[in-house]
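Under this note's numbering, the first residue of the sequence shown is numbered 90, with each subsequent residue one higher. Don't be surprised by glycine CBs; every beta carbon is placed ideally from N, CA and C. Small disclaimer: the values here were computed from a predicted structure and weren't measured. These notes concern the structure reproduced below.
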Amino acid sequence: MPKKFMTMDGNTATSHVAYAFTEVAGIYPITPSSTMAELVDAWASQGRRNIFNSVVKVVEMQSEAGAAGVVHGALQGGTLSTTFTASQGLLLMIPNMYKWVGELLPGVIHVSARSLATRALSIFGDHQDVYAVRQTGFTMISSHSVQEAMDLAGVAHLTAIQASAPVLHFFDGFRTSHEIQKIEVLDYDDLAKLIDKDALARFRARALNPHTNPVTRGGAENDDIYFQGREAQNTHYEKLSDVVIHYMNEISKLTGRHYAPFTYYGAEDATRVIIAMGSVTEATAEVIDELNARGEKVGLVKVHLFRPFRADLLKSVLPATVQKIAVLDRTKEVGSHGPLYLDVHEALHGFGNIDTIIGGRYGLSSKDTQPGDIKGVYDHLLVEKPINGFTISIVDDVTFLSLPSDENFKVKNDYTSCLFYGLGSDGTVSANKNSIKIIGDHTDLYSQAYFAYDSKKAGGATRSFLRFGKSPIRSTYYVKDADFISCSLESYLFRYDMLRNLKEGGTFLLSTSTPASEVDRLLPNRVKKQLAQKKAKMYVIDANAIAESIGMGRRTNTILQSSFFALNESIIPYSDALSYMKEMAEKSYGKKVKRSST
Numbered sequence: 090m091p092k093k094f095m096t097m098d099g100n101t102a103t104s105h106v107a108y109a110f111t112e113v114a115g116i117y118p119i120t121p122s123s124t125m126a127e128l129v130d131a132w133a134s135q136g137r138r139n140i141f142n143s144v145v146k147v148v149e150m151q152s153e154a155g156a157a158g159v160v161h162g163a164l165q166g167g168t169l170s171t172t173f174t175a176s177q178g179l180l181l182m183i184p185n186m187y188k189w190v191g192e193l194l195p196g197v198i199h200v201s202a203r204s205l206a207t208r209a210l211s212i213f214g215d216h217q218d219v220y221a222v223r224q225t226g227f228t229m230i231s232s233h234s235v236q237e238a239m240d241l242a243g244v245a246h247l248t249a250i251q252a253s254a255p256v257l258h259f260f261d262g263f264r265t266s267h268e269i270q271k272i273e274v275l276d277y278d279d280l281a282k283l284i285d286k287d288a289l290a291r292f293r294a295r296a297l298n299p300h301t302n303p304v305t306r307g308g309a310e311n312d313d314i315y316f317q318g319r320e321a322q323n324t325h326y327e328k329l330s331d332v333v334i335h336y337m338n339e340i341s342k343l344t345g346r347h348y349a350p351f352t353y354y355g356a357e358d359a360t361r362v363i364i365a366m367g368s369v370t371e372a373t374a375e376v377i378d379e380l381n382a383r384g385e386k387v388g389l390v391k392v393h394l395f396r397p398f399r400a401d402l403l404k405s406v407l408p409a410t411v412q413k414i415a416v417l418d419r420t421k422e423v424g425s426h427g428p429l430y431l432d433v434h435e436a437l438h439g440f441g442n443i444d445t446i447i448g449g450r451y452g453l454s455s456k457d458t459q460p461g462d463i464k465g466v467y468d469h470l471l472v473e474k475p476i477n478g479f480t481i482s483i484v485d486d487v488t489f490l491s492l493p494s495d496e497n498f499k500v501k502n503d504y505t506s507c508l509f510y511g512l513g514s515d516g517t518v519s520a521n522k523n524s525i526k527i528i529g530d531h532t533d534l535y536s537q538a539y540f541a542y543d544s545k546k547a548g549g550a551t552r553s554f555l556r557f558g559k560s561p562i563r564s565t566y567y568v569k570d571a572d573f574i575s576c577s578l579e580s581y582l583f584r585y586d587m588l589r590n591l592k593e594g595g596t597f598l599l600s601t602s603t604p605a606s607e608v609d610r611l612l613p614n615r616v617k618k619q620l621a622q623k624k625a626k627m628y629v630i631d632a633n634a635i636a637e638s639i640g641m642g643r644r645t646n647t648i649l650q651s652s653f654f655a656l657n658e659s660i661i662p663y664s665d666a667l668s669y670m671k672e673m674a675e676k677s678y679g680k681k682v683k684r685s686s687t
């Protein structure tokens with residue numbers, strides 16, 4: 090069967106697989122996981138069928154604790170159940186999570202990992218929430234990209250069924266949950282073949298039923314037997330990692346992509362290695378390719394199975410030549426080192442030729458991590474007394490733990506990159522989502538899109554980062570060397586230094602009501618100088634006037650979208666792009682038009 094490729098984000102990829110294995114979904118929305126629950130709800134309302142040929146029953150509660158209760162009750166009734174959450178929402182599920190573990194229930198939680206509210210709330214991504222539940226006993230599987238979110242979501246559900254144990258599958262909030270990539274879509278028939286039907290039958294047979302299976306669960310125990318009961322489950326959970334490995338192997342065979350609890354990337358004789366999990370590993374792979382091409386010997390260990398943590402498997406993937414290790418944690422734990430660092434240090438202290446193991450923090454609240462930041466970590470492993478507990482991507486002028494970034498370091502790539510500045514709710518983000526789907530679904534190019542905006546969303550500045558090329562795209566960071574930049578508001582010329590991110594010979598498109606003959610007087614001297622130095626091509630359009638004339642009000646998004654395709658016909662012929670744009674506009678806005686006309 091030919092492979093099917095579609096352009097989607099990490100939440101959609103996960104939902105596609107989660108729907109296949111779910112019979113009851115307990116949901117409550119929380120950013121950035123809400124899309125997963127919304128999609129499952131929408132598909133159920135459309136009558137979409139899962140691999141059991143049934144429509145998922147969706148139950149929306151009034152809190153995440155309630156959603157966890159729905160899942161718990163459904164599992165006790167012999168029904169496969171799933172939920173989706175993040176941040177404080179996950180913390181509200183902790184009491185139920187302990188119960189699922191103790192009662193050997195095959196529930197699955199998909200988490201778009203997000204910051205916790207500490208000195209301030211943040212809706213953006215890091216690993217504080219998933220680290221906060223590592224003590225529950227859940228199996229924890231980490232995806233590092235949109236494609237991995239699709240593939241490893243399958244591993245999570247299949248493992249839960251065969252092992253009769255709950256699984257938490259997580260990926261980076263926003264950086265993976267909202268990043269759009271062209272990926273391979275797993276077929277439901279292929280996934281159905283991998284289910285352990287005997288294990289599923291045993292799970293259903295254990296369902297609480299006062300008529301056919303009258304048993305007592307969840308009672309109270311005293312000091313005479315509670316301890317022994319907890320320890321008696323050791324034999325059950327000791328087998329769990331082998332089940333994960335089995336299904337990682339099965340998904341690897343199905344897709345041709347290699348999965349294991351730990352995977353190594355880099356030089357076979359590497360002396361310096363980074364160990365990490367999450368989207369930062371994609372960018373780290375780019376840095377490794379560049380550094381090794383220059384004669385350095387560096388590598389990376391990607392962590393896919395965080396719990397249970399198998400030290401023997403970690404040791405097995407490391408080159409014997411490794412001497413220095415840096416562990417990157419996407420969290421801040423006051424009074425302690427990062428959780429992944431503590432596990433790695435316990436596993437590798439005194440192992441082989443390793444003489445240095447240090448830990449550091451990165452990416453809190455979706456802080457952008459550039460290739461130069463990662464190179465700074467490899468460089469820091471060479472200093473005589475490296476900092477243990479360093480930070481990257483920020484300048485710490487209080488406790489002085491931050492590492493310098495190599496601002497001049499660039500990685501080679503073969504893609505075209507674009508940067509769009511818009512106004513929250515003006516449709517720019519939606520139009521760019523459609524653009525990347527048009528490119529991904531109607532050309533042979535790989536595509537990637539990511540969007541940055543503040544938590545106000547409406548009325549704030551938005552940035553859309555688009556990339557497309559002939560090779561898979563691993564650049565999980567902001568565009569800093571764009572071939573094309575578009576600006577929808579002329580005031581942004583004064584508020585933001587946009588053109589610093591334009592490469593030499595690039596194209597700049599400005600939407601302005603100023604006549605073309607007078608634009609020279611509008612531009613700040615800084616912008617004029619940058620345009621000249623970069624030998625850039627500049628185009629202007631009065632998108633607001635066009636939108637007003639055709640009854641679109643201030644919605645300039647599709648006008649600037651068509652301008653982008655008109656100026657980049659090397660990607661796709663403009664006539665074809667125009668046709669696809671109309672299809673996407675109907676898909677995105679058609680229902681709203683029909684509602685407003687009735």
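(message) Please classify Val197 as buried or exposed, where buried requires at least 16 other C-beta atoms within 10 Å of its C-beta.
(response) buried
(request) Please work out which residues of its chain come closer than 8 Å, Cβ to Cβ, to Asp285, disregarding the five sequence neighbours upstream and downstream, and give them in chain order. (result) Leu247, Ile250 and Gln251
(message) Helix, strand or coil for Gln619? Go by DSSP, reduced to three states.
(response) helix
(message) Just to check my reading of the structure: Phe479 and Asp432 have Cβ atoms closer than 8 Å, yes? What is that Cβ distance to the nearest angstrom?
(response) So it is not a contact: roughly 18 Å between Cβ atoms.
(message) If you measure between the beta carbons of Val500 and Pro460, is that distance less than 7 Å?
(response) Against a cut-off of 7 Å, the Cβ pair of Pro460 and Val500 comes out as a contact.
(message) With H, G and I counted as helix, E and B as strand and the rest as coil, what does DSSP make of Lys413?
(response) strand
(message) I believe Lys386 touches Ala356 by the beta-carbon criterion, under 8 Å. Please report the beta-carbon distance rounded to the nearest angstrom.
(response) Going by Cβ atoms, the distance from Lys386 to Ala356 rounds to 5 Å, so yes, they are a contact pair.
(request) Within its chain, find whatever has a CB closer than 7 Å to the CB of Ile340; leave out the 5 residues flanking it on each side and keep chain order. (result) Asp240, Gly243, Val244 and Tyr348
(request) Using alpha carbons as the reference points, say which of Pro195, Asp313, Val406 and Ser204 lies closest to Leu329. (result) Pro195
(message) Using the three-state DSSP reduction, which class does Tyr628 fall into: helix, strand or coil?
(response) strand
(request) Starting from Asp572, follow its DSSP beta bridges and name the residues at the other end. (result) Answer is none; Asp572 lacks a bridge partner.
(message) For Trp189 and Gly388, I'd like the C-alpha separation in whole angstroms.
(response) Take the alpha-carbon of Trp189 and the one of Gly388: they are about 38 Å apart.
(request) Could you tell me how far apart the beta carbons of Ile269 and Thr96 are, in whole angstroms, since I believe they sit closer than 8 Å? (result) 6 Å
(message) Could you tell me the alpha carbon to alpha carbon distance between Asp130 and Ile443, rounded to whole angstroms?
(response) 50 Å
(message) How far does the alpha helix (DSSP H) with Arg584 in it extend, from its first residue to its last?
(response) Tyr581 to Arg584
(request) Take Lys624 and list the residues in its own chain whose beta-carbon comes closer than 7 Å to its own, dropping the five residues that flank it on each side. (result) Glu593 and Gly594
(request) Starting from the C-beta of Asn523, find all residues in its chain whose C-beta is less than 6 Å away, skip the five residues before and the five after it, and write them out in chain order. (result) Met673
(request) Please determine, among Ser651, His233 and Phe292, the residue with the shortest C-alpha to C-alpha distance to Val365. (result) A quick correction: the sequence has Ala, not Val, at residue 365. Ala365 has its Cα closest to that of His233, out of Ser651, His233 and Phe292.
(message) Using a Cβ distance threshold of 8 Å, determine whether the segment 462-469 contacts the segment 217-234, with at least three qualifying pairs required.
(response) no
(request) Work out the CA separation of Val608 and Thr626 for me, nearest whole Å. (result) Here the sequence assigns Lys to residue 626, which means Thr is not the residue at that position. Straight through space, the alpha carbons of Val608 and Lys626 are spaced by roughly 14 Å.
(message) I'd like the list of long-range same chain contacts for Ser685, defined as Cβ closer than 7 Å, with 5 residues on each side in sequence excluded.
(response) In this prediction, Ser685 scores a pLDDT of 48, lower than 50, which makes its location untrustworthy; the coordinate-derived value is nonetheless stated afterwards. Here the set comprises nothing.
(request) Enumerate in chain order the residues of its own chain whose CB-to-CB distance from Thr344 is below 7 Å, with the five nearest sequence positions on each side excluded. (result) Asp240 and Glu273.
(request) Return the residue from the list Lys569, Arg264 and Ala632 that minimises the CA-CA distance to Leu599. (result) Ala632
(request) Would you kindly work out how many angstroms separate the C-alpha atoms of Ser564 and Lys391, rounded to a whole number? (result) 16 Å
(message) Here's the rule I'm using: 16 or more other beta-carbon atoms within 10 Å means buried, otherwise exposed. How should Leu471 be labelled?
(response) Exposed, because fewer than 16 other Cβ atoms sit within 10 Å of the Cβ of Leu471.
(message) Give the list of continuous beta strand (DSSP E) stretches no shorter than 3 residues that lie fully inside the segment 379-452.
(response) 387-392, 394-396, 413-418 and 445-450
(message) DSSP has Ile364 in a bridge; who is on the other side?
(response) Val390 and Val416
(request) Return helix, strand or coil for Met337, following the three-state DSSP convention. (result) helix
(request) Would you mind working out which of Asp401, Ser176 and Asn657 sits nearest Ala206, comparing C-alpha positions? (result) Ser176
(message) Threshold first: 4 residues or longer. Then list the alpha helix (DSSP H) segments lying entirely within the segment 194-282, N to C.
(response) 217-220, 235-252 and 277-281
(request) Give me the Cβ distance between Thr103 and Ala238, rounded to the nearest whole Å; I'm assuming they're in contact under 8 Å. (result) 5 Å
(message) Please list the terminal residues of the continuous beta strand (DSSP E) segment that includes Met97.
(response) Phe94 to Asp98
(message) In the DSSP output, what is Tyr703 paired with across the bridge?
(response) Any property of residue 703 remains undetermined from this structure, which presents the chain solely from 90 to 687.
(message) I need the DSSP call for Lys474, collapsed to helix, strand or coil.
(response) coil
(request) Decide if Asn614 is buried, meaning its Cβ has at least 16 other Cβ atoms within 10 Å, or exposed. (result) exposed
(message) On the CB-based measure, 16 or more other CB atoms within 10 Å of its CB, does Lys676 come out buried or exposed?
(response) The C-beta of Lys676 has fewer than 16 other C-beta atoms within 10 Å across all chains shown, which makes the residue exposed.
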